[in-house]
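Please read the structure below before turning to the comments.
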Amino acid sequence: MDWTKSNALHIGTLVVLFALFFILPAYHVGAFSRIMVLAIYAIGFNLLFGYTGLLSLGHAMFFAAGMYGFGLSMNLGGLSVLPAFLIGVGAAGLLALGAGYLALRTIGVAFMIVTLMFAQTFYLVILYYGEYTRGDEGFIIQQTQRQIAGIDLTTETARYFTAFILFAVCFLAMARLVQRPFGKRLIAIRENEERARMLGYDVARLKLAALVVSGLFSGVAGAAYALLFGYVGASFASVQYSIFPLLWVLLGGAGTTVGPLIGVIFMFYLIDISSGVTNAYMLVAGLALVLLTLFAPQGLAGTLRKRALPWLP
Amino acid sequence: MDFGPHLMLASLEGAVISAILVLTAMGLSIVFGVMRVVNVAHGEFFMLGAVFAWAVTTMISGHAALGFVAALIIVPVLVGAIAAGVDQLILKRIDYDVDRTIVATIGVLYIVQQSTLMLYGPEARPVEPPFNLRLALPWFEFGENGFQMIWPWGLSVTTYKLFVIGAAIVVLGALWLVLTRTKIGLVMRATQQDRDMAQAFGVPVGQVYSLVFGLGAGLAALGAVLVVPIQQAHYLMGGDPLLLAFIVVIIGGLGSLPGTVIAALLIGMSDGIISVFFSPTLAKIIATFLVAMVLVFRPQGLMGRVAA
Amino acid sequence: MKNPPKISRRKTLLGLGAGAGALATTGVLPGSLGFAQAQSSAPIKIGFQKHATGIGAAYGRWYDTTTTAAVARINEMGGINGRPVEIITEDDATDPGRGAEVLEKFANQHEVDVAFGTLFSHVVIGSAPRAGELKLPYFVVSEGHHVASGMLNRYTLQPGITDVKSQVISMAPFVADNLGKKVTMIYPDFAFGHDHRDFFSEAIEAQGGEVVAKIAIPPTETTFTRYFPNIPRETEVIYHVMVGPAVLTFVKEMGEFFGPSRPEIFGFIDSLEAVDIQSPGLEFLEGTYFWEGMPRHKQANESEAASAYRAAVGVNDRGAAIDDPANVATYAHMFGCWETLNVIKAGMEAADYQGPADRTKLIEAVEAMTEMPESLDHPQGDKLFNGKTHQAFGKQFISKVSDGNLEVVHTASIEDGLYADEVDYTTQSF
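Residue numbers (my numbering), protein chains in the order written: chain A, 21 to 333; chain B, 944 to 1251; chain C, 79 to 508.
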């Protein structure tokens, strides 16, 4: 029965997102296009952090790998959107495999630091090859390039529904994944790694798999961001963009399926609305974060699950 | 510049960077070691130290040394008090939960940054060093006339930079004495090793945590006062020290003060020396990657014990 | 479907005192107050993308001051096409992602007529695609080469400040003739630094000089001494252009490195915008040279327009705020906001701009502009606008630090900074 409820929740979420396009004013339609893309990134991060219990501080490298893999193969390789997109996602996956192979030798805080420093290395590599990447300034993917089979992806409608379709696929895939034995085993690792090992699970392999899937999702988000907003830049590889998904997931609720989306929406509108009220919006945002940790300890969805809806996936 | 003097200059510079790293990281080392919480706002306490140092030295007229000494005394206490307040108001209430502490301290980071921007402004402001003499350094080599001493172009250091190296050693020594020879240090170490056991033996863990958090922030501020005459006070200056300090603490091995020092030396010196052989950004890439690999092959850190 | 946008951060700049401002916001605005009766008395809304937080905050504050002063003047003179001008400010956090969001907010929520005012190149480049898609004219004040290089789109223009390529090219003759022919360049290892490296290397070679070493410094660096040994001994001139909060350290450490025997030194004032040239540690700069977009310190022969502008933005003879001499302006760049707003005004008047439907007419009107003579509208000096590349060109200054004062020793003409067109935006459709 809980299974039906969670299915209803997931379908319901998507129906609402679909309907929002027709209800919201233009600005918020644009905002939600962005939110859905970033939520894909948060969903990917959540698999590793929320379900597997591994805190990476370097996820921006996977997001950026998707972004640059996509952008460079379009601008330098002259590819069209679909193959370039696949290359971007593939680049993120490969990077996750390599970085994971090394970084997963460590656990806990050491894992945080290793991923952080790998991401820093990746960021510097982008700057170092400034001849191709234009360093911090980044480059533009022109409007005329951004189309699939003659459909212009730069209109508000096409942008929204491209983001929606990508989000829906990732969202449902992740919701399904964590219900399957793979997801259950990751949770087992999070709860007690030693016990999971004794139960006969190949913990190292499972962790690497989780990291690669997480990296792939981040890559999808990065490539989608470049595709839909036409810009590729090194700021998306900076530490800040490694901290964001952590913040989103913690705010929304780690280890819940809807948490990442809620976290992104919350953080986006927290900044957007408070900056409309006052110049000191970071003060407001900071206070809100502090209050939230005091009164919603498990994040928004997590606290909801604890207080009212125990079936929440 | 010839290779020899260049290497010497880079090593000196590496030593200065190491000293700065030690001064930045030791506060975090204590907080992280005892409380096991990731304080994202630690870099902001460093920044506050620099900004307050600017404020104090600006207020006190007369010789630069006067203001500097005043800042050395006043600023760490002030910042420590603020941090202890943060601990009492926020961290205690969320019971030092690891995840929630991250979010809460990100919130504190926003608040501190924005307040500084509004009250202090966006500019980078310099603080005058109490003394700053340029010392040209000699170099020895075998020339046509046998062994001789030359004064290579550019090979020099300033007295203040040497002072920073000395100050780092003194502060470390003092800290080590406090931790090993005083009752406060004993209580801190007991709490670090086993919080529940310490509590059972009557250690007021709550107060110890506030003390540690304040002490950690005060140390960061002290480091900032010492560093700010070399760098400048700027409202965004807390970001990089935070990351570097964090890296140093973990590479050194959790809660190990000697480890922190060795890691700071490793990172500072590698940063200095690798820059002799490669172009700057490439050197940075190599140094960052190599230091990460240290942790990959020694996950418990240089001086850390294998985690239970 | 669309609710009236709630604008809580609008700055109503009427320059007529608070009373008139209150009238204007309520829409009651008799012509006797200075605005001619126009078809619509609703204000013309200009979205100001401000670096209020993030690394560009020091610039953002002065861009804001200049913008406020320029709009006050425009409104005193009767606004644009008889309508008052209103600035709507949004913080972009000096971040390209947020920059693009802010443009969406301008276009769809505040429903501004044009967007304006961005400085940092990565924010411009991150935002420009959205400007093109939203069909929102986007007037940047960035000095980047991105506009004239052709990488942006027809909706993005830079009519108020010369781009970096032109600035750099125009410096080469002076450097080669007066300072030396063997140049070592020190610059940040990102795109802005690479532009300097590439354009200057080429320009100095054309003058018979050469760049003997290129030292790219990684960003976020806080100490620099270990990089200076890479400066070859034969160097006659050091060309530096560093940005960010660590520049003071950079200059100080360069001084400590060289001690008493230094080569000639030429730098871009970008390194020291918003910084007092007499700050402790900067004594070493005495006798060195700086590019300036507009002379920070009042010169003996400062033009009437330049002096009036100086007074209007509230800056004293040393380039600091009149009410706070410690608050030094970003004087070499911020004039661009003033001039750009006057170009927008002139463009809207030429196009008889009535509302967003006339946005393309506005762009065509600006594209048609060529010469902009020195005047109170253009206090920095004469400008030549290239409608095809959407880029303005003006004269550049080289100042020498003498007794802690920046004294102009050379003025590079507009012709010194001209280069072949790299794009023709007018051939692109809207």
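Cβ atoms here follow ideal geometry from the backbone N, Cα and C, with glycine treated the same way. Predicted model, so just to flag it, every value in this text is computed and none were measured.
Its chain contains Ala428, Gly465 as the residues whose beta carbon lies nearer than 8 Å to that of Ala446 of chain C, once the 5 sequence neighbours on both sides are disregarded; these appear in chain order.
By the Cβ-count criterion, Glu157 of chain A is buried, with 16 or more other Cβ atoms from all chains shown falling within 10 Å of its own Cβ. What Ile133 of chain C touches in chain B, judged by beta-carbon distance under 7 Å, is Leu1179, going in chain order.
Along the stretch 309-325 of chain A, going in chain order, the ones with a CB nearer than 9 Å to a CB of chain B are Leu309, Val310, Leu311, Leu312, Thr313, Leu314, Pro317, Gln318, Gly319. Put simply, the backbone Cα of Asp481 of chain C is about 40 Å away from that of Val1113 of chain B. For Pro297 of chain C, the nearest beta carbon of chain A is closer than 8 Å to its own beta carbon. Residues are counted here when their Cβ sits less than 7 Å from a Cβ of chain A; for the stretch 1223-1240 of chain B these are Thr1224, Leu1225, Lys1227, Ile1228, Thr1231, Phe1232, Val1234, Ala1235, Leu1238, Val1239, given in chain order. As the crow flies, the alpha-carbon of Arg225 of chain A is around 17 Å from that of Leu75 of chain A.
Taking a beta-carbon distance threshold of 8 Å, Tyr47 of chain A counts as an interface residue toward chain C.
Put simply, of C:Ala498, C:Ala135, C:Ala147, C:Gly156 the residue whose alpha carbon is nearest the alpha carbon of Glu168 of chain C is C:Ala135. Taking C-alpha positions only, Glu179 of chain C is separated from His488 of chain C by approximately 42 Å. Here Phe268 of chain C carries a coil assignment [DSSP, helix/strand/coil]. Fewer than three pairs of CB atoms, one per stretch, sit closer than 8 Å, so the stretch 98-111 of chain A makes no contact with the stretch 255-275 of chain A.
DSSP, reduced to helix, strand and coil, places Gln1150 of chain B within a helical segment of the structure shown. Interface with chain B (8 Å Cβ-Cβ cutoff): Phe138 of chain A is included. In terms of Cβ geometry, Glu1066 of chain B and Ala324 of chain C do not form a close pair [threshold 8 Å]. With contacts defined by Cβ atoms closer than 8 Å, Ala250 of chain C and Ile293 of chain C do not form a contacting pair. At a cut-off of 8 Å between beta-carbon atoms, Asn95 of chain A makes no contact with chain C. Phe217 of chain C and Gly271 of chain C have their C-alpha atoms some 23 Å from each other. Where Lys128 of chain C is concerned, the enclosing beta strand (DSSP E) starts and stops at 122-128. At a Cβ-Cβ threshold of 8 Å, Glu987 of chain B and Gln1056 of chain B count as neighbours. Near chain C, meaning a CB-to-CB distance below 8 Å, the residues of the stretch 1158-1183 of chain B are Ile1173, Gln1174, Gln1175, His1177, Tyr1178, Leu1179, Met1180, Asp1183. Taking C-alpha positions only, Thr175 of chain A is separated from Arg154 of chain A by approximately 27 Å. Each residue's CA atom was taken as its position, placing Ala257 of chain A and Asp1030 of chain B some 32 Å apart. Ala1067 of chain B belongs to the set of residues whose beta carbon lies under 8 Å from a beta carbon in chain C. For the stretch 222-253 of chain C, residues whose beta-carbon sits nearer than 8 Å to a beta-carbon of chain A comprise Gly222, His224, Met229, Leu230, Asn231. Closest by C-alpha distance to Leu1187 of chain B, out of B:Met1140, B:Ala1176, B:Ala1235, is B:Ala1235. Across the structure, Arg1036 of chain B and Met978 of chain B are spaced so that their CA atoms are roughly 14 Å apart. Under the criterion of beta carbons closer than 8 Å, Ser220 of chain C and Phe198 of chain C qualify as touching, at roughly 7 Å. For Gly238 of chain C, the enclosing beta strand (DSSP E) has its first and last residue at 234-240. Judged by beta-carbon spacing, Ala996 of chain B lies beyond the 8 Å limit of Val1146 of chain B, meaning their Cβ atoms are not closer than that value.
Chain C has a Cβ within less than 8 Å of the Cβ of Phe249 of chain A.
Residue contact with chain C for Ser238 of chain A: absent (no Cβ-Cβ distance below 8 Å to any residue of chain C). Around the Cβ of Met1092 of chain B, a 10 Å sphere holds fewer than 16 other Cβ atoms; the residue is exposed. At least one beta carbon of chain C lies nearer than 8 Å to the beta carbon of Thr1101 of chain B.
Shortest Cα-Cα distance from Leu311 of chain A to any of B:Gly1198, B:Leu1032, B:Phe946, B:Leu966 involves B:Leu1032.
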